[in-house]
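In structure tokens:
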């Protein structure tokens with residue numbers, strides 16, 4: 023996964039299609055989400071693999087919610103194989119040792135650790151030792167917590183493939199809860215450790231800003247962005263709040279693939295610039311035929327467009 027990690031740059035336009043719990047515990051719905059991502063030409067899909075006890079305490083209302091969303095290990099094997107067979111890189115959220123164990127068996131391409139586990143440094147280190155890409159949510163994290171974590175990882179692992187993911191979710195999340203400046207700040211502080219920075223927006227999926235903010239994030243230096251998807255927002259599948267409809271996601275990917283290459287480093291003049299130069303740039307010329315040995319003065323020179 024070193025090659026993929028190295029290729030994660032703003033100009034490359036890598037997008038993670040986040041399925042979250044949008045499958046509602048139904049493998050058929052999950053396959054529909056995978057098919058949407060395949061058709062969109064997105065490069066990466068992300069699943070949330072978990073055991074209910076990793077996310078809730080028995081007797082609390084969250085237990086009833088997550089227990090209905092949990093898929094079996096065999097089901098995850100089938101779904102991940104299907105996604106990979108169709109050319110997708112597969113990342114997964116892991117919430118503890120059990121879900122991490124399942125993900126290792128499936129041989130996924132990368133992991134994400136939720137910001138809720140930011141202080142669980144031993145677990146984070148264990149995941150980082152997999153030598154896979156590890157995204158770490160830093161939403162609502164204090165800088166001292168991030169500082170301590172990145173130093174701890176760097177002291178114990180050579181060349182970890184870490185991506186700090188910004189963003190919080192409040193169902194829905196207002197535009198003003200996001201920050202492009204945070205991306206720039208994290209890059210400035212942690213790129214010396216080899217860390218990259220990504221962006222997870224959770225703007226309500228029907229807002230126009232849901233399409234604009236991620237593009238701004240790429241311009242701010244984000245190496246990768248994460249976008250929630252659903253089949254049809256009107257159906258209100260779980261986690262639909264910040265998700266794009268399948269059709270909107272496909273259109274979004276077209277915009278990403280069109281616009282992100284504009285962030286490439288400036289190199290040689292492209293064909294459009296050469297054509298523009300030929301059409302419009304003026305060149306110096308003598309105002310008239312001049313006698314031999316004439317001493318040039320400013321008035322002898324004019325600037326005109328070249329004539330074909």
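Residue numbers (our numbering): 23 to 330. Built from N, CA and C at the ideal position, the CB exists for glycine as well.
Collapsing the DSSP output to three states places residue 225 in a strand. Between the C-alpha atoms of residue 222 and residue 327 there is a straight-line separation of about 49 angstroms. About 20 angstroms separates the CB atoms of residue 71 and residue 37; that is not less than 8 angstroms, and the two are not in contact.
In this structure, the beta-carbon distance from residue 205 to residue 219 falls below 8 angstroms. Secondary structure note for residue 195: it is in no beta strand (DSSP E), with a DSSP letter that is neither H nor E. Residue pairing by DSSP places residue 188 opposite 221 in a beta bridge.
Taking each of 198, 212 and 142 in turn and checking the Cα distance to residue 176, the smallest one comes out for 212. Just so you know, the alpha carbons of residue 30 and residue 243 end up roughly 11 angstroms apart.
Fully contained in the stretch 36-108 are the following alpha helix (DSSP H) runs of length 4 or more, in chain order: 49-62, 74-77, 83-89 and 95-107. Counting along the chain, the unbroken alpha helix (DSSP H) around residue 236 starts and ends at 231-241. Note on residue 291: under 16 other CB atoms within 10 angstroms of its CB, so exposed under the neighbour-count rule.
The residue from 230, 91 and 120 with its alpha-carbon nearest to that of residue 52 is 91. If you check the CB distance, residue 239 and residue 202 come in under 8 angstroms. Going by DSSP, residue 317 is part of no alpha helix (DSSP H) at all; its letter is neither H nor E. Among the bridge pairs identified by DSSP, residue 118 is matched with none. Around the beta carbon of residue 196, fewer than 16 other beta carbons lie within 10 angstroms, which makes this residue exposed.
Secondary structure of residue 124 (DSSP, three-state): helix.
Spatial neighbours of residue 253 in its own chain (CB-CB distance under 6 angstroms, excluding positions within 5 residues in sequence) are listed in chain order as 54 and 268. Taking a contact to require three or more Cβ pairs closer than 8 angstroms, the stretch 67-84 and the stretch 275-284 do not qualify as touching. Residue 138 has its alpha-carbon roughly 19 angstroms from the corresponding atom of residue 173. Residue 270 sits away from residue 43, with the two beta carbons spaced by 8 angstroms or more.
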